[in-house]
Amino acid sequence: MIDINLIRQDPEAVRQALAKRQFEVDFFELLSWDAERRTLISQGDELRSKRNRVSDQIPAMKRQGLDVSSVLAEMKAVSDQIKEIDSRLTEIEAQIKQFLDSLPNMPDDDVVAGGKERNEVVRVWGELPQFDFPAKDHIELALSLGLVDYERGAKLGGNGFWIYTGKGARLEWALLNYFVEAHLADGYEFILPPHILTYDCGYTAGQFPKFSEDVFHIEADEGRGFQQFLLPTAETALVNLHRDEILQESDLPKRYFAYTPCYRREAGSYRAQERGMIRGHQFNKVELFQYTRPEDSAAALEEMIHKAERLVQGLGLHHRVSKLAAADVSASMAKTYDIEVWIPSMKEYKEVSSASNAKDFQARRGGMRFRRQATGKTELVHTLNASGLATSRLFPAILEQCQQADGSVVVPEPLRKWTGVDVIR
RNA sequence: GGAGAGAUGGCUGAGUUGGUCGAAAGCGCUCGACUCGAAAUCGAGUAGGCGGUUCCCGCCUCCUGGGUUCGAAUCCCAGUCUCUCCGCCA
7 MIDINLIRQD PEAVRQALAK RQFEVDFFEL LSWDAERRTL ISQGDELRSK RNRVSDQIPA
67 MKRQGLDVSS VLAEMKAVSD QIKEIDSRLT EIEAQIKQFL DSLPNMPDDD VVAGGKERNE
127 VVRVWGELPQ FDFPAKDHIE LALSLGLVDY ERGAKLGGNG FWIYTGKGAR LEWALLNYFV
187 EAHLADGYEF ILPPHILTYD CGYTAGQFPK FSEDVFHIEA DEGRGFQQFL LPTAETALVN
247 LHRDEILQES DLPKRYFAYT PCYRREAGSY RAQERGMIRG HQFNKVELFQ YTRPEDSAAA
307 LEEMIHKAER LVQGLGLHHR VSKLAAADVS ASMAKTYDIE VWIPSMKEYK EVSSASNAKD
367 FQARRGGMRF RRQATGKTEL VHTLNASGLA TSRLFPAILE QCQQADGSVV VPEPLRKWTG
427 VDVIR
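Per our numbering, the very first residue in the first sequence carries number 7; after that it's consecutive.
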């Protein structure tokens with residue numbers, strides 16, 4: 007959520023920042039609501055103050071044997087006025103909240119305006135793989151090596167699900183182990199959160215109310231609408247760990263990572279080119295998350311993207327890093343880097359990690375604060391997240407980039423202690 | 001799934017015949033005194049949010065949301081969560 011004080015002080019600056027996302031707003035109406043809100047609060051507080059004062063005097067008057075009936079009648083009228091003001095206030099605050107909820111985060115100053123086409127490749131690592139034999143795509147490889155069972159996956163879960171089998175399961179699990187071990191070594195705290203979360207968690211993350219259709223809802227018993235949902239990423243859980251808390255400055259930065267499957271509806275996004283394991287309703291991911299002081303978040307973002315890059319490099323996979331243009335940055339975030347790994351059969355780079363700084367956007371929604379030592383005051387923290395990494399996207403990249411002429415696949419060195427073999431054949 | 005108990009400030013925990021209760025007391029924490037220093041002791045302070053004429057004033061918050069009342073931590077209704085016992089169970 008954007009700070010309404012900022013909009014009040016400099017609506018034009020906020021409008022221009024959002025315009026970089028191709029998001030057009032007009033704050034005129036909001037500002038009039040805001041003015042009315044503050045007027046109502048003043049009026050209400052004044053009446054409340056009067057009521058409190060007089061109510062305090064009533065016991066004394068009674069003790070003195072004075073007739074208080076006229077005072078009671080007057081206070082009754084005051085109370086009724088307060089109720090009227092409050093109901094209007096409730097109405098207008100709901101409007102304000104709805105408006106603010108609909109706004110995406112402001113892109114960072116160094117994020118360029120425009121959509122995907124303006125994304126900037128900041129680093130490329132490794133060489134484009136060349137094959138002196140007819141290379142197979144990951145689906146052929148997975149099937150011929152018995153790593154994945156698509157048909158039974160659909161039998162069990164429906165369209166968009168697959169099953170890792172045998173060495174495939176071991177390869178997937180090896181990736182998870184590789185990441186977990188690396189994050190532990192870097193001092194991140196390991197978290198295994200629930201996969202079912204409450205509505206409030208989705209709100210804090212910025213998932214709701216706007217992007218409610220992207221997740222699997224779990225219906226409540228008696229038609230009360232959904233109360234819980236399957237997490238679309240561990241970020242949604244981790245960002246809620248400290249919701250409504252005040253952290254000590256000395257506790258920051260808080261650095262966490264979690265492993266969870268990620269469940270997504272992906273409604274209408276199916277494309278024929280994305281067969282195989284590129285886009286499913288469930289995939290595995292290890293997620294990094296940090297809570298930092300505002301002045302530390304920019305450096306933390308760099309730290310996290312470099313951490314994620316090192317993991318891909320450890321696997322020896324050709325990839326690139328892009329800094330996203332404003333309109334390609336997801337709604338809750340101010341700045342995002344993507345790591346994209348080369349999928350030879352698609353002749354495309356596909357995202358395996360996305361590292362973002364939400365700054366105080368999620369913290370404001372979820373009331374995540376810390377106490378500043380120097381001032382004793384509370385301030386909103388900054389939150390950051392990065393995939394570290396999405397295993398289900400790496401799996402096809404490994405199969406395709408590490409395949410050999412005989413149809414076997416060389417296991418990247420860091421994974422071998424878990425796969426048990428150097429080459430899958 | 002059945003039965004019962006409870007939810008108060010960083011923590012423990014008073015307060016439930018409605019009225020100096022935003023809340024006793026203890027602990028913790030911060031600052032000061034004492035001390036070479038520390039412990040002990042003594043003194044002071046110590047919630048969050050909103051609004052304003054912003055070194056000050058007002059308002060709101062005792063799980064959440066409604067209600068009764070001039071006035072609610074205290075009374076009424078609905079909901080959420082936690083704990084205990086029983087059943088079931090990896």
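Backbone N, C-alpha and C define an ideal beta-carbon position, used for all residues, glycine too.
Where residue i falls: helix, strand or coil (DSSP)
i	result
residue 104	helix
residue 131	strand
residue 394	strand
residue 64	helix
residue 98	helix
residue 16	coil
residue 73	coil
residue 386	strand
residue 308	helix
residue 229	Low confidence applies here, because residue 229 scores a pLDDT of 47, under 50, leaving its location unreliable; read the following figure in that light. Reduced to three states, the DSSP call for residue 229 is coil.
residue 353	coil
residue 114	coil
residue 420	helix
residue 189	helix
residue 170	strand
residue 287	coil
residue 178	helix
residue 264	strand
Cα-Cα separation, residue i to residue j
i	j	result
residue 15	residue 206	29 Å
residue 333	residue 166	28 Å
residue 74	residue 63	10 Å
residue 376	residue 299	8 Å
residue 428	residue 180	12 Å
residue 229	residue 223	With a pLDDT of 47 at residue 229, under the threshold of 50, the modelled position of this residue cannot be trusted, and the question is left open.
residue 106	residue 410	54 Å
residue 82	residue 391	53 Å
residue 137	residue 401	19 Å
residue 212	residue 342	15 Å
residue 6	residue 290	Because the chain here runs from 7 to 431, residue 6 falls outside it and cannot be looked at.
residue 331	residue 339	12 Å
residue 187	residue 421	11 Å
residue 265	residue 42	47 Å
residue 416	residue 173	13 Å
residue 103	residue 215	11 Å
Member of the options whose CA lies at the smallest distance from the CA of residue i
i	options	result
residue 312	40, 338, 360	360
residue 270	285, 319, 423	285
residue 164	288, 293, 43, 431	288
residue 328	79, 7, 21, 126	126
residue 29	418, 426, 110, 215	110
residue 425	43, 33, 178	178
residue 262	301, 363, 198	198
residue 210	41, 79, 396, 337	337
residue 257	140, 418, 195	195
residue 385	306, 65, 372, 183	372
residue 358	103, 324, 34	324
residue 239	225, 220, 255	220
residue 363	347, 413, 315, 301	301
residue 8	366, 185, 415, 292	366
residue 378	255, 175, 72	255
residue 201	175, 246, 216	246
Cβ-Cβ separation, residue j to residue i (assumed contact under 8 Å), whole Å
i	j	result
residue 88	residue 53	5 Å
residue 388	residue 303	4 Å
residue 56	residue 84	6 Å
residue 244	residue 295	4 Å
residue 293	residue 241	6 Å
residue 394	residue 185	6 Å
residue 169	residue 158	6 Å
Original post:
Does the stretch 42-61 touch the stretch 90-97, meaning 3 or more C-beta pairs lie closer than 8 Å?
Top reply: Short answer: they touch.
Original post:
So, do the stretch 397-412 and the stretch 345-353 have three or more beta carbon pairs nearer to each other than 8 Å?
Top reply: With the cut-off at 8 Å, the stretch 397-412 and the stretch 345-353 touch.
Original post:
Do the stretch 102-116 and the stretch 128-145 meet, that is, are 3 or more Cβ pairs less than 8 Å apart?
Top reply: No, because fewer than three Cβ pairs between the stretch 102-116 and the stretch 128-145 fall closer than 8 Å, the two stretches do not touch.
Original post:
Can you find at least 3 beta carbon pairs, one from the stretch 144-153 and one from the stretch 250-259, that sit closer than 8 Å?
Top reply: Output reads no: the stretch 250-259 does not touch the stretch 144-153.
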